[in-house]
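Take a look at the structure below.
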Amino acid sequence: MHDSHFQKLKMVLGTVMISFSGVWVNLCHVSPTVSAFYRVLFGGFLLLVAALINKEVKKVGCRYLLLAMLCGLVFAFDLVCYHVSIHYVGPGLGTILPNFQVFILAIVGALFLHEKVRVTAFIFMPIAFLGLFMVTGVGWQKLGQSYQLGVYSGLAAAGFYATYLLSLRRLQGGLSRGTIYQTMMLVSLICAVFIGLEILRTGDTFRIPDRQSFWCLAALGLFSQAVGWVLISSALPHIRAALSGLILLLQPALAFIWDVFIFKRHTTPLNWMGVVCVLAAIYFGTVRTKPSTE
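Taken in order, the sequence shown gives residues 18 to 311; the numbers are from the working numbering.
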């Protein structure tokens with residue numbers, strides 16, 4: 018198994034890029050749905066350019082397109098819920114919550130996919146929710162409906178993200194004849210169509226109000242949807258599972274740090290302990306107990 022320093026550097030760089038997603042969403046002066054739309058629209062066109070440059074655009078069948086549409090639809094729900102969560106609870110907690118998808122995948126794998134799931138995934142699940150309780154605070158009813166909605170939206174994003182990963186796995190498997198660039202380009206642009214329809218349905222506006230919003234949305238599409246993801250996906254097969262899981266946890270950890278230092282999030286020692294508890298539970302609940310031999 019190839020495990021060069023270059024591949025590790027690529028994965029760390031990609032993870033750092035994606036950790037700023039919540040920052041860009043928070044800094045642009047548009048609704049969560051609109052920011053999600055431009056994220057996949059800008060990112061999808063960048064991926065299209067990359068696919069064309071590398072001559073990786075291929076013809077695909079109807080089944081492939083139907084599954085790509087399913088991926089795009091689920092990804093649309095995931096992104097909207099994720100951006101809503103960021104809007105109400107901040108980039109830090111809003112990014113931590115969707116990472117609960119690892120436990121959802123473990124449950125689905127055990128119940129429906131007949132996969133051998135590590136017992137640690139179920140042992141550390143309550144620990145993760147205990148950590149979440151430490152982050153949100155003991156006075157749940159005093160947090161307000163908006164904050165509660167943000168937490169629920171983040172957990173909903175975890176569910177949609179788990180579903181998205183399962184459908185994406187199928188799309189990139191034996192059914193798929195497209196390249197990795199083409200697959201993500203199609204999913205991103207299809208996702209943009211679904212979110213665009215939701216914007217039209219709710220009477221929201223596609224207008225980008227100022228330069229700051231434009232550059233933040235451009236950075237969101239470029240780094241979070243395109244470059245960061247490409248760096249991670251290209252490095253992932255060459256890095257041990259335990260190490261890659263640890264590197265990927267940089268995203269929610271750094272997102273929380275950016276929230277504290279950039280947006281001055283009030284954080285107590287109990288909140289910090291909760292963050293560490295959640296991230297540790299996610300890591301130890303999913304990492305392999307033995308070194309990977311792949």
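Heads up, the beta-carbon is just placed ideally off N, CA and C, and yes, glycines get one too.
Since we're looking at a predicted model, the values are computed, not measured.
Residue interval of the alpha helix (DSSP H) (run including residue i)
| i | result |
| --- | --- |
| residue 80 | 79-106 |
| residue 226 | From DSSP, residue 226 is part of no alpha helix (DSSP H); its letter is neither H nor E. |
| residue 43 | 38-44 |
| residue 218 | 197-219 |
| residue 313 | No information on residue 313 is available, as it lies outside the stretch 18 to 311 that the chain covers here. |
| residue 271 | 267-279 |
| residue 252 | 245-252 |
| residue 162 | 162-188 |
| residue 150 | 142-153 |
| residue 60 | 49-70 |
| residue 126 | 118-128 |
Local Cβ density within 10 Å of residue i, reported as buried at 16 or more and exposed below that
| i | result |
| --- | --- |
| residue 193 | Here residue 193 scores only 48 on pLDDT, less than 50, and its place in the model should not be relied on; the value that follows carries that caveat. Result: buried. |
| residue 71 | exposed |
| residue 42 | buried |
| residue 162 | exposed |
| residue 223 | exposed |
| residue 108 | buried |
| residue 306 | Legend: pLDDT at residue 306 = 40, less than 50; position of this residue unreliable, value from coordinates given subsequently. By the 10 Å Cβ count, residue 306 comes out exposed. |
| residue 225 | buried |
| residue 79 | exposed |
| residue 66 | exposed |
| residue 76 | exposed |
| residue 227 | exposed |
| residue 177 | buried |
| residue 315 | Residue 315 falls outside the range modelled here, since the chain spans only 18 to 311, and no answer is possible. |
| residue 281 | exposed |
| residue 18 | The pLDDT assigned to residue 18 is 44, lower than 50, so where the model puts this residue is not dependable, and the model offers no usable value. |
| residue 148 | buried |
| residue 140 | exposed |
| residue 153 | buried |
| residue 96 | buried |
| residue 27 | buried |
| residue 128 | exposed |
| residue 58 | buried |
| residue 214 | exposed |
| residue 217 | exposed |
| residue 82 | exposed |
| residue 37 | buried |
CB contact flag (residue i, residue j, <7 Å)
| i | j | result |
| --- | --- | --- |
| residue 61 | residue 237 | no |
| residue 24 | residue 249 | no |
| residue 56 | residue 242 | yes |
| residue 245 | residue 31 | yes |
| residue 145 | residue 298 | yes |
| residue 180 | residue 302 | no |
| residue 93 | residue 202 | no |
| residue 278 | residue 34 | no |
| residue 151 | residue 287 | yes |
| residue 73 | residue 196 | yes |
Subject >> Touching by the beta-carbon criterion (3+ pairs, under 8 Å), the stretch 38-46 and the stretch 225-239 >> reply: yes
Subject >> Contact the stretch 290-303 vs the stretch 258-275: 3+ CB pairs below 8 Å >> reply: yes
Original post:
With contact counted as at least three CB pairs below 8 Å, one residue from each stretch, are the stretch 161-173 and the stretch 97-114 in contact?
Top reply: yes
Original post:
Would you call the stretch 198-216 and the stretch 79-90 in contact, with 3 or more CB pairs under 8 Å?
Top reply: yes
Original post:
If we count Cβ pairs, one from each stretch, closer than 8 Å, do we get three or more for the stretch 115-130 versus the stretch 169-177?
Top reply: yes
Original post:
Should the stretch 252-271 be called in touch with the stretch 49-60, which here means at least 3 C-beta pairs below 8 Å?
Top reply: no
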